[in-house]
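Report on the following structure.
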Amino acid sequence: MTSSFNYSTHLIPPRPITTQSTQRPTSQRPTASHHTTTEPNSSLQQTNKRRCKCYDMYKQVVPFAEAWSWQKSIVEERKLLVDGNEDGLDSLIVVQHQPVYTLGTASSEKNLNFDIKDSPLPLYQTERGGEVTYHGPGQLVLYPILNLRFQKMDLHWYMRALEEVVIRVLFSAFSLKASRVEGLTGVWVGDKKLAAIGIRVSKWLTYHGLALNVSTDLSPFSQIIPCGIKDRGVGSIKDLLRGSNRPSSTSGYHDEDDGKLIDIAHESLLKEFCEVFQLELCHQSISILRSPDR
Amino acid sequence: MALRIWASSTANALRLSTATTPYFSPLSRCFSSVLDGLKYANSHEWVKHEGSVATIGITDHAQDHLGEVVFVDLPDTGGSVTKATGFGAVESVKATSDVNSPISGEIVEVNTKLSETPGLINSSPYEDGWMIKVKPSNPSELESLMGAKEYTKFCEEEDAAH
């Protein structure tokens, strides 16, 4: 089903960029991993993959504003390095969010079924592309902060690659056959969108990312026209596996089953993310993001 | 000049049919137009310096790689820009990208047509798709930018590496 995905392996970037290890204190100090460095490091020699710092909070429900500010601060630090022809490592933040609506740069108020000043949930106007969407518990959100110079300097490719990650997850972990719809970024099972994507790029550094509905309560989506698409719906892995006819409140479905779905989806997302982007994750303590000297 | 713009529009029209191909389309990369007389930044913005005013936009190469521009975020007149720093953004395919200013200065005019018709950036990146006009605060910054030949070579090298 998923035809071979043409993602680039690590070509030498067009201009020499030296990577440097992070300035932040961390229990594992990632040594700069770059294919032109000659620093000997036995663990790095075992893999060709670039390292990517992973701030994994997949079981935590984090306020949107907090995760947004982490991303912006990581990107700003990295932009300074990039301007000086250096770079740090890629990062990946994984979270669930408290219920929130977010808008992209071009988002239209017409896609809200409520007055923007009177939103039933916290609402954020962000700098990502794409239309309005909902984030909430039961939905896994991935924020990759990648330097596309080390991938492919092509935004279309990057969107397809993010879709690829989710398509592979749905198939390998849940036997769900998902697909792309040309012109409608995101991942679809039938006419239901399971994953939404919206990104921002600055000097080839990406942020924002993707959101996959695992066991999300989908009712907040009825207050918006998700991603501005009127005649298609939103779905979740949980609904598809159980048959979407049965409302979750009457099913006798246990929360722990939701937890298992999230665990399975999370593990598969990290695995497929590493495969598609040819990265090796280095798990970081979340306290780094929350420390006052950021 | 007119011939180049015509060639650019035609090439754009041809390329639109290949823009749906998700992966590699090698031939399209050769046809981006680069105009003489402009200066170029390595983040794919152009500057046209005429007298005391410099006009800034994104290049044909940039708009081609972005695809259809659906939204343009521009600053207000009277603000300032700094070389190599973002002043606005363009959105296409659910991805919004920063646009950086090649020079520093004061913004004296902003292309308000882009809010109604963001596609001007695609159809006319060097003319009707201009983004801001700036009074340069440091005209020597223009000298460190690339000329047409250098920029063409830069694009070829960048595309070849990916």
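Residue numbers (this note's numbering), protein chains in the order written: chain H, 1 to 294; chain A, 295 to 456.
Idealized CB from N, CA, C, for every residue including glycine.
When the alpha-carbon of H355 (chain A) is set against those of A:T446, A:H456 and A:G399, the nearest one is in A:T446.
Using a Cβ-Cβ distance cut-off of 8 Å, the region 103 to 117 of chain H and the region 75 to 83 of chain H are not in contact, since fewer than three pairs of beta carbons, one from each stretch, lie closer than that value. When secondary structure is reduced to three states using DSSP, Q96 (chain H) falls in the strand class. The C-alpha of D367 (chain A) lies about 14 Å from the C-alpha of I350 (chain A).
Counting only the Cα atoms, V95 (chain H) lies some 14 Å from K53 (chain H). Annotation for P122 (chain H): V100 place their beta carbon closer than 6 Å to its own, counting only its chain and skipping 5 residues before and after.
When the Cα atoms are used, F221 (chain H) and E421 (chain A) turn out to be separated by approximately 41 Å. Taking 9 Å as the cut-off, the Cβ atoms of Y143 (chain H) and A389 (chain A) do not count as close. I262 (chain H) and V402 (chain A) have their C-alpha atoms roughly 52 Å apart.
Residues of the region 343 to 368 of chain A with a C-beta atom less than 7 Å from some C-beta of chain H are H359, L360, G361, V364, F365 and D367, listed in chain order. Using a CB distance cut-off of 9 Å, S386 (chain A) counts as an interface residue toward chain H. DSSP, reduced to helix, strand and coil, places P226 (chain H) within a helical segment of the structure shown. If one requires a minimum length of 4 residues, the alpha helix (DSSP H) runs lying completely within the region 147 to 227 of chain H are 155 to 174, in chain order. For D358 (chain A), the uninterrupted alpha helix (DSSP H) segment begins and ends at D354 to L360.
Chain order gives no chain A residues near A211 (chain H), where near means a beta carbon separation below 7 Å; the closest approach is about 12 Å. For E450 (chain A), the enclosing alpha helix (DSSP H) starts and ends at A442 to A454.
When the alpha-carbon of R160 (chain H) is set against those of H:F64, H:A195 and H:G104, the nearest one is in H:A195. Ranked by Cα distance from E86 (chain H), the first of H:L112, H:S287, H:G138 and H:F150 is H:F150. Assigned with DSSP and collapsed to three states, Q71 (chain H) falls in helix. Under the DSSP assignment, S391 (chain A) falls in the beta strand (DSSP E) whose first and last residues are A389 to N394. E344 (chain A) is bridged by DSSP to A:V347. From the beta-carbon of A106 (chain H), the residues of chain A found nearer than 7 Å are V364, F365 and E385.
Shown here, A106 (chain H) sits in coil according to DSSP, grouped into three states, outside any helix or strand. The three-state reading of DSSP puts I145 (chain H) in strand, counting E and B together. Under DSSP, K427 (chain A) forms a beta bridge with A:T349 and A:E403.
Identification of residues in the region 108 to 136 of chain H having a C-beta nearer than 7 Å to some C-beta of chain A yields E127, R128, G129 and G130, given in sequence order. A distance below 9 Å separates the beta carbons of I352 (chain A) and M425 (chain A). Chain-ordered, the chain A residues with CB closer than 8 Å to the CB of K203 (chain H) read S337, D392 and N394.
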